Amino acid sequence: MKDKRVVERLELREKKTGKGRMIVFSPKTCRLIKRYLEEERANANNNEPLFLSQKGGPISRQHAYYILNQAARYAGITERIGTHSLRKTFGYFAYKQGTDLAMIQKLLNHSSQAETLRYIGITQEQMDQAMMKLDL
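Under full-length UniProt numbering, the first residue of the sequence shown carries the number 1, and numbering increases by one thereafter.
This is how it looks when you write it as structure tokens:
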């Protein structure tokens, strides 16, 4: 991290399946990570985790959950949320913004589009209403 380069892609390995996949950061996320590195981690080494615990190691899943809930409270969200909530919300808003369902399915690593629709909470009634609005 000393050279302050911010990667635009990161390979993650899913804990449940062991599958690796690349994720891409938006330009805004890259800028925020770069600013974080410059302001908070000026002396960091390239082989250190991006976010450190108080002991200098990687943060735990529980600590990430705590940080996420603190940020949610700061934003005025009172219910408890977790990383799974973020994943579902990402899928839902990607769908609402017009992202192709097949793409969302791939991004969420689901085996079918029906699974993706259930996961993000899109009902048959909502799909029917959308179809009724089309003038074909």
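Glycine included, each C-beta is placed from N, C-alpha and C at the ideal position.
Just so we're clear, the structure is a prediction, and the values are computed from it rather than from any experiment.
From the options, residue whose alpha carbon lies closest to that of residue i
i           : options                         : result
Arg80       : Tyr95, Asn69, Lys88 and Phe90   : Asn69
residue 173 : Ser112, Lys96, Arg73 and His110 : Any answer about residue 173 is impossible in this case: the structure gives the chain only from 1 up to 136.
His84       : Pro49, Leu136 and Ile120        : Ile120
Glu8        : Phe25, Gln54, Lys106 and Asp135 : Phe25
Gly18       : Met132, Asp128 and Asn109       : Asn109
Lys88       : Tyr74, Ile104 and Arg73         : Ile104
Leu101      : Pro27, Arg41, Lys28 and Met127  : Met127
Arg21       : Lys106, Pro27, Gln124 and Glu39 : Lys106
Under the three-state DSSP convention, the category residue i falls into
i      : result
Pro27  : helix
Leu12  : strand
Leu134 : coil
Distance between beta carbons of residue j and residue i, contact taken as under 8 Å
i     : j     : result
Leu37 : Ile23 : With a Cβ gap of about 18 Å, Leu37 and Ile23 do not count as contacting.
Gly82 : Tyr65 : 6 Å
Any chance the region 113-132 sits against the region 26-44, with 3 or more Cβ pairs inside 8 Å? The region 113-132, when compared against the region 26-44, does not touch it at the 8 Å Cβ threshold.
Uninterrupted beta strand (DSSP E) stretches inside the UniProt domain "Tyr recombinase" (1-132) (no shorter than 3 residues): 9-13 and 20-24
Stretch-stretch touch, CB-based, cutoff 8 Å, three pairs: the region 85-101 with the region 44-63: no
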